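S.K.: Below you will find the structure I want to go over with you.
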Amino acid sequence: MYRDDSVEPALLICQVGTTKLSYLARAIDDLHAELLRRADWVLLGSADEKKEPAEGTLEAWGRSPENPVGGWYGQRKGYRGRFGMYIPPLLEALGLIELEHNARNNRAKAIEVE
Numbered sequence: 038m039y040r041d042d043s044v045e046p047a048l049l050i051c052q053v054g055t056t057k058l059s060y061l062a063r064a065i066d067d068l069h070a071e072l073l074r075r076a077d078w079v080l081l082g083s084a085d086e087k088k089e090p091a092e093g094t095l096e097a098w099g100r101s102p103e104n105p106v107g108g109w110y111g112q113r114k115g116y117r118g119r120f121g122m123y124i125p126p127l128l129e130a131l132g133l134i135e136l137e138h139n140a141r142n143n144r145a146k147a148i149e150v151e
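Residue numbers for the sequence shown follow our numbering, beginning at 38 and rising by one.
Written out as structure tokens, the structure reads:
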């Protein structure tokens, strides 16, 4: 995964095999803020674009009209889903969240950063 600042708005590019997914780069700050607001563990969820995500999950939030961008963080039509699978590990690597690593039903929780 890498950040592409050569486009406007900036994107996070996630390469999975030969498939390239892209998400708005602002998802890093927006998701961290949402997890701080929730102040508890939140299920990640993960669903393809055409499948309905479980309510209350990060996947549902990543495509909700109620989030800061008013809809999808995923930018590539047909590949806009899987927000809950690919974005939280990046936030964990950046030291912004705690992330469970179970076989299924993983959750995330924000870390306060100074």
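Built from N, CA and C at the ideal position, the CB exists for glycine as well. In this text the structure is predicted, and so the values were computed from the model without any measurement.
Once the 5 residues before and after Trp78 are set aside, which same chain residues still bring their CB inside 6 Å of it?
M.R.: Contacts found: Arg144 and Lys146.
S.K.: Can you give the Cα-Cα distance for Glu86 and Glu149, rounded to whole angstroms?
M.R.: Their Cα atoms are separated by approximately 31 Å.
S.K.: Quick one: what does DSSP say Leu133 is sitting in, helix, strand or coil?
M.R.: It is coil, neither helix nor strand.
S.K.: How long is the line joining the alpha carbons of Arg63 and Thr94, rounded to whole angstroms?
M.R.: Those two C-alpha atoms are separated by around 19 Å.
S.K.: Roughly how many angstroms separate the alpha carbons of Gly82 and Glu96, rounded to a whole number?
M.R.: So the two alpha carbons sit approximately 5 Å from each other.
S.K.: Would you report the Cα separation of Glu151 and Tyr116, rounded to the nearest angstrom?
M.R.: When rounded, the distance between both Cα atoms is 34 Å.
S.K.: Give the DSSP-derived three-state secondary structure of Leu81 in the structure shown.
M.R.: Coil, per DSSP.
S.K.: Looking at C-beta atoms only, is the number of pairs between the region 51-66 and the region 98-113 that lie closer than 8 Å three or more?
M.R.: The region 51-66 is in contact with the region 98-113.
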